[in-house]
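Engineer:
2 protein chains.
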Amino acid sequence: MANAFYGQSGGPAAVFNSTAVAVIETAREYPGIFDRVYVGRNGILGALHENLIDITDESAESLNALAHTPGAAFGSCRHKLQNPNVEHDEYQRLIDVFQAHDIRFFFYNGGGDSQDTTRKIAHAAELVGYDLTCIGIPKTIDNNLPATDCCPGFGSAAKYVAVSALEASFDVASMHQTSTKVFVMEVMGRQNGWIAAASALACDERGLGPDIVLVPEIAFEREKFLEKVKQVVAKKGFCVVVTAEGIRDSDGNYLSVVETQDAFGHGQLGGVAPRLVEDIKTAFNYKCHWSVCDYLQRAARHIASQTDIDQARAVGKAAVEYAVKGLQSVMPAIVRTQSVPYQWHIEPVHISQVVGGEKNMPRQYMSKDGFRLTQAGRDYFAPLIAGEAYPPYEAGLPHYSSHRFRLVERKLPEYFGGTTQRRIAEPV
Amino acid sequence: MANAFYGQSGGPAAVFNSTAVAVIETAREYPGIFDRVYVGRNGILGALHENLIDITDESAESLNALAHTPGAAFGSCRHKLQNPNVEHDEYQRLIDVFQAHDIRFFFYNGGGDSQDTTRKIAHAAELVGYDLTCIGIPKTIDNNLPATDCCPGFGSAAKYVAVSALEASFDVASMHQTSTKVFVMEVMGRQNGWIAAASALACDERGLGPDIVLVPEIAFEREKFLEKVKQVVAKKGFCVVVTAEGIRDSDGNYLSVVETQDAFGHGQLGGVAPRLVEDIKTAFNYKCHWSVCDYLQRAARHIASQTDIDQARAVGKAAVEYAVKGLQSVMPAIVRTQSVPYQWHIEPVHISQVVGGEKNMPRQYMSKDGFRLTQAGRDYFAPLIAGEAYPPYEAGLPHYSSHRFRLVERKLPEYFGGTTQRRIAEPV
Numbered sequence: 000m001a002n003a004f005y006g007q008s009g010g011p012a013a014v015f016n017s018t019a020v021a022v023i024e025t026a027r028e029y030p031g032i033f034d035r036v037y038v039g040r041n042g043i044l045g046a047l048h049e050n051l052i053d054i055t056d057e058s059a060e061s062l063n064a065l066a067h068t069p070g071a072a073f074g075s076c077r078h079k080l081q082n083p084n085v086e087h088d089e090y091q092r093l094i095d096v097f098q099a100h101d102i103r104f105f106f107y108n109g110g111g112d113s114q115d116t117t118r119k120i121a122h123a124a125e126l127v128g129y130d131l132t133c134i135g136i137p138k139t140i141d142n143n144l145p146a147t148d149c150c151p152g153f154g155s156a157a158k159y160v161a162v163s164a165l166e167a168s169f170d171v172a173s174m175h176q177t178s179t180k181v182f183v184m185e186v187m188g189r190q191n192g193w194i195a196a197a198s199a200l201a202c203d204e205r206g207l208g209p210d211i212v213l214v215p216e217i218a219f220e221r222e223k224f225l226e227k228v229k230q231v232v233a234k235k236g237f238c239v240v241v242t243a244e245g246i247r248d249s250d251g252n253y254l255s256v257v258e259t260q261d262a263f264g265h266g267q268l269g270g271v272a273p274r275l276v277e278d279i280k281t282a283f284n285y286k287c288h289w290s291v292c293d294y295l296q297r298a299a300r301h302i303a304s305q306t307d308i309d310q311a312r313a314v315g316k317a318a319v320e321y322a323v324k325g326l327q328s329v330m331p332a333i334v335r336t337q338s339v340p341y342q343w344h345i346e347p348v349h350i351s352q353v354v355g356g357e358k359n360m361p362r363q364y365m366s367k368d369g370f371r372l373t374q375a376g377r378d379y380f381a382p383l384i385a386g387e388a389y390p391p392y393e394a395g396l397p398h399y400s401s402h403r404f405r406l407v408e409r410k411l412p413e414y415f416g417g418t419t420q421r422r423i424a425e426p427v
Numbered sequence: 000m001a002n003a004f005y006g007q008s009g010g011p012a013a014v015f016n017s018t019a020v021a022v023i024e025t026a027r028e029y030p031g032i033f034d035r036v037y038v039g040r041n042g043i044l045g046a047l048h049e050n051l052i053d054i055t056d057e058s059a060e061s062l063n064a065l066a067h068t069p070g071a072a073f074g075s076c077r078h079k080l081q082n083p084n085v086e087h088d089e090y091q092r093l094i095d096v097f098q099a100h101d102i103r104f105f106f107y108n109g110g111g112d113s114q115d116t117t118r119k120i121a122h123a124a125e126l127v128g129y130d131l132t133c134i135g136i137p138k139t140i141d142n143n144l145p146a147t148d149c150c151p152g153f154g155s156a157a158k159y160v161a162v163s164a165l166e167a168s169f170d171v172a173s174m175h176q177t178s179t180k181v182f183v184m185e186v187m188g189r190q191n192g193w194i195a196a197a198s199a200l201a202c203d204e205r206g207l208g209p210d211i212v213l214v215p216e217i218a219f220e221r222e223k224f225l226e227k228v229k230q231v232v233a234k235k236g237f238c239v240v241v242t243a244e245g246i247r248d249s250d251g252n253y254l255s256v257v258e259t260q261d262a263f264g265h266g267q268l269g270g271v272a273p274r275l276v277e278d279i280k281t282a283f284n285y286k287c288h289w290s291v292c293d294y295l296q297r298a299a300r301h302i303a304s305q306t307d308i309d310q311a312r313a314v315g316k317a318a319v320e321y322a323v324k325g326l327q328s329v330m331p332a333i334v335r336t337q338s339v340p341y342q343w344h345i346e347p348v349h350i351s352q353v354v355g356g357e358k359n360m361p362r363q364y365m366s367k368d369g370f371r372l373t374q375a376g377r378d379y380f381a382p383l384i385a386g387e388a389y390p391p392y393e394a395g396l397p398h399y400s401s402h403r404f405r406l407v408e409r410k411l412p413e414y415f416g417g418t419t420q421r422r423i424a425e426p427v
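The structure is reproduced here in structure tokens:
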């Protein structure tokens, strides 16, 4: 019998806490294996600084409330661990903390960088002969992890953007005759178009939803794009565009990158949507509107996908069961066996299959001209947004939990190394 | 027995069609008074161009589907009627169309400019001795109509921004230690801070929701704002800002106005949120994120307020009943008799009380420093977002109606006057 550590890492998601709760609940089902379940405050930083929450005896009521709360209930972080070939003090500290609290199970929940953290820690523990079962758990709204069909967090972001694009298209359709002709909605996706493409689930034969989708995997050609906008406006009177934030031209240059400075020396105020709108206005003088979803799309628990929640729970449960079975350095992956009707299950994949790679959206999910979702794309995305899972409401607002957890007493001296919070390079 | 005309005007709202359906259903309850109910395609433009939809026999199923669909199902418009002291041909044409179709009841649904349309038409009909009962019906997410406690459309927009600000605050709280410190969310409101202020309903003693709200009614002071951001970040580690698009400095200059051109000669890409973020970054070098809600906030039927829907239906019903009673040139206003528990009813006000004015948010709804909602503000806003009213879903998306209605046969020659669609001056 030993203790377990669980940490949340990377950008939050609407269903992040569903996974956390599944880990905690499943661990409780094995009292002969897990004594205490500790959660790191702010992920791996919680382990480094011995900021541990003992969640073992948390009430079912509290956990239920957590499960339908967006964000990362225990705090998340972006912290890139040292290069183990160069520095070792962070790893030594982690092992010290784990040893001090008899932690023999390490569960780490996040995207690609977080899986890398798990891999590094497993390696470090092995090197020093510390027995530590390490299990990665997937989560990223970017949906770009290799070796899994999709990622928890993505389905809810996809549902949010599809619903938003659908609703916006009704708005623009309503008065394009005397007002806005083009609406541009910007969604997340620095490297991949998964989220942007999913918004096109709102398209149907009625001409609603986005008319044009722009994804980073397909080089942005300004003239071709403007021509398409013009065609759509000529045909139906208005045009709805959804763009990923990370679209690039054929030389690989981001459209959103600061290119110039204004007269005050300010960098240009980013955002791809206003940039596209500027181009459209300049070309055609159409009245345009634009929105930038930003964090709203990944925090929107109010419109979460039930499928996403089911999968978020399933990976949490499977992670603990893998540990119980003695698997090492694996991640529960979502395997799709059928799209219509949707069938899936969870299987372990070795974490080395997940780290380092990034899964782009297949080209065949987009039409030849690069602007529309194909049936293959629709088949992939559709099941991931299926089902509604409303949080409870109180006085007109979702009743989200914001419990502050108490930290367990520290057993080690304060840690001063690794306090420089090295941020994983991330475009602003 | 005669026919009725109903038109939708101005920016759409999540509950616009609820009012339309209430008008149609209520008119059917008086078959001895209303023969046919015609709806103008694109509001008053439908009357001018004789683009009329006969909605009288529309199925209950179709109307029910319409009632939970965002946008303006029959098309809306921004069309400023002629100055009746200078030009008359539009009014003559309208009377011609009304006469040709035996229209003796005119219902017009919209904001301040739309009420002005109703007033002008009533005046024109009176001048030429054409018997026409004119009733205005309120709708505007801006909530700025005088003589009514609130406006249909506002409550749902308010609920959307409060939920979004709440959810975003969970996201930012989750990883401010190693990532974003300040999040700025931009909402609508050129002249008034009603929507921005309502987002602060998400604030509570737990430190969630927006920390700072910026409204147009209170002059923006950059230094004071930056100081407040700094204080909030110092105290709780992160700061969530909600700003109305129309905030101005003490000289009345909009922050969002294009001030400069970049090296390519493009105007600066607007949006107040990125502008504020630029200031914050320059001052403190905090990592910031921003979002612009734009149309999403007024189209978000998926998170509509039940109170708003109830009131949207109530004003539609009352409008028809006022016409039946023989009232002239009135608008059903929402009267609040109590905030806790919320009590309201509908009363007629003369349309001259509504036209021309604009209702700013009372100063006492905001704290002395201008950044927070007071209890008085909370008491006003809270009931307006109460209750959820989810649309039905199909395959993960709201099942919205996009029925195309057939136009009735024209009786008059085509109209060529008034085709210059004079747009009501509106900042882009």
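Keeping their order, the protein sequence lines are chains H and L. Note that numbering that gives the first Met the number 0 numbers the first sequence so that position 157 is 156, with each residue one more than the last. Note that numbering that gives the first Met the number 0 numbers the second sequence so that position 56 is 55, with each residue one more than the last. Even for Gly, the Cβ is constructed at its ideal location relative to N, Cα and C. Model, not experiment: these values are computed from the prediction.
Using a Cβ cut-off of 7 Å, which residues of the segment 391-402 of chain H contact any Cβ in chain L, in chain order?
Structural biologist: Y392, A394, G395, L396, P397, Y399 and S401
Engineer: If you follow the alpha helix (DSSP H) that A218(L) is in, where does it begin and where does it stop?
Structural biologist: It is not in any alpha helix (DSSP H) - A218(L) carries neither H nor E in the DSSP assignment.
Engineer: Going by the CB atoms, is the gap between G111(L) and E357(L) shorter than 8 Å?
Structural biologist: yes
Engineer: For A375(H), count neighbouring C-beta atoms within 10 Å of its own C-beta (all shown protein chains included) and say buried if the count is 16 or more, exposed if not.
Structural biologist: exposed
Engineer: What are the partner residues of C133(H), as DSSP defines its beta bridges?
Structural biologist: C133(H) is bridged to F105(H).
Engineer: Using only alpha-carbon positions, find the residue among V407(L), S401(L) and C133(L) that is nearest to V171(H).
Structural biologist: S401(L)
Engineer: Can you give me the Cβ contacts of F415(L) inside the same chain, cut-off strictly under 7 Å, excluding the 5 residues immediately before and after it?
Structural biologist: none
Engineer: Label S155(L) either buried or exposed according to how many other C-beta atoms from any shown protein chain fall within 10 Å of its C-beta, with 16 as the threshold for buried.
Structural biologist: When all chains shown are included, S155(L) counts as buried.
Engineer: Taking the CB atoms as reference points, tell me whether A394(H) and Q305(H) lie closer together than 8 Å.
Structural biologist: no
Engineer: Beta strand (DSSP E) containing G39(L): first to last residue?
Structural biologist: Run containing G39(L): F33 to G39, per the beta strand (DSSP E) assignment.
Engineer: If you draw a straight line from the alpha carbon of N500(H) to that of E244(L), how long is it in whole angstroms?
Structural biologist: Chain H is shown from 0 up to 427; residue 500(H) falls before or after that span and cannot be answered.
Engineer: Anything in the segment 295-321 of chain L with a Cβ closer than 7 Å to a Cβ of chain H? List those residues in chain order, please.
Structural biologist: L295, R297, A298, A299, R300, H301, I302 and S304
Engineer: 8 Å is my cut-off, CB to CB: does H48(L) come that close to chain H?
Structural biologist: Closer than 8 Å to the CB of H48(L) there is not a single CB belonging to chain H.
Engineer: Just how far apart, CA to CA, sit Y321(L) and V240(H)?
Structural biologist: 43 Å
Engineer: Kindly list, in the order they appear in chain L, the residues whose Cβ is closer than 9 Å to that of I384(H).
Structural biologist: A394, G395 and L396
Engineer: Apart from the five residues on each side of it in sequence, which residues of its chain come closer than 7 Å, Cβ to Cβ, to T373(H)?
Structural biologist: Q363, Y364, M365 and S366
Engineer: Whole angstroms is fine: what's the gap from G264(H)'s alpha carbon to N284(L)'s?
Structural biologist: Residue placement at G264(H) is flagged as unreliable, the pLDDT there being 48, under the threshold of 50; the coordinate-derived value follows with that caveat. G264(H) and N284(L) have their C-alpha atoms some 15 Å from each other.
Engineer: Beta-carbon within less than 6 Å of S17(H)'s beta-carbon, same chain only, minus the 5 sequence neighbours each way: which residues are those?
Structural biologist: A66, I308, A311 and R312
Engineer: Locate the alpha helix (DSSP H) running through E277(L), then write down its first and last residues.
Structural biologist: V271 to F283
Engineer: Following the continuous beta strand (DSSP E) through Q337(L), name the residue where it begins and the one where it ends.
Structural biologist: In the DSSP assignment, Q337(L) falls within the unbroken beta strand (DSSP E) covering V329 to Q337.
Engineer: My output table needs one value for S173(L): the three-state DSSP class, helix, strand or coil.
Structural biologist: helix
Engineer: What separation, rounded to the nearest whole angstrom, lies between the Cα atoms of E408(L) and F237(H)?
Structural biologist: 26 Å
Engineer: Where does V85(L) sit, in a helix, a strand or coil, going by DSSP?
Structural biologist: coil
Engineer: I'd like to know if the segment 157-176 of chain H and the segment 323-340 of chain H are in contact, where contact means that at least 3 CB-CB pairs between them fall below 8 Å.
Structural biologist: no
Engineer: Go ahead and pull the three-state DSSP assignment for T139(L).
Structural biologist: coil
Engineer: For the segment 44-63 of chain H against the segment 193-202 of chain H, do three or more pairs of beta-carbon atoms, one drawn from each stretch, fall closer than 8 Å, so that the two count as touching?
Structural biologist: no
Engineer: What is the rounded straight-line gap between the Cα of S338(L) and the Cα of A381(L)?
Structural biologist: 8 Å
Engineer: Name the one or two DSSP bridge partners that H349(L) has.
Structural biologist: V329(L)
Engineer: May I ask you to list, following chain order, the residues of the segment 153-171 of chain L that have a beta carbon less than 8 Å from some beta carbon of chain H?
Structural biologist: Taken in chain order, the members of the segment 153-171 of chain L whose beta-carbon sits within less than 8 Å of a beta-carbon on chain H are K158, A161, V162, S163, L165, E166, A167, F169, D170 and V171.
Engineer: Does the beta-carbon distance from A12(L) to R189(L) come in below 8 Å?
Structural biologist: no
Engineer: Distance cutoff 8 Å, beta carbons only. Does G270(H) sit that close to anything in chain C?
Structural biologist: Here chain C cannot be found, since the structure's protein chains are H and L.
Engineer: Return the chain-ordered list of same chain residues with a C-beta closer than 6 Å to the C-beta of F153(H), the five sequence neighbours on each side being excluded.
Structural biologist: I140 and N142
Engineer: Once the 5 residues before and after Y392(H) are set aside, which same chain residues still bring their CB inside 8 Å of it?
Structural biologist: Shown here for Y392(H): same chain residues with a beta carbon closer than 8 Å to its own, the five before and five after excluded, namely H398 in chain order.
Engineer: Among V186(H), R27(H), V14(H) and S178(H), which has the Cα closest to the Cα of N108(H)?
Structural biologist: Cα-wise, what sits closest to N108(H) is V14(H).
Engineer: On a CA-only basis, which of G369(H), A299(H) and M330(H) is nearest A161(L)? Give me that one, please.
Structural biologist: A299(H)
Engineer: Pairs of beta-carbons, one from the segment 17-32 of chain L and one from the segment 83-95 of chain L, closer than 8 Å: are there three or more?
Structural biologist: The segment 17-32 of chain L is not in contact with the segment 83-95 of chain L.
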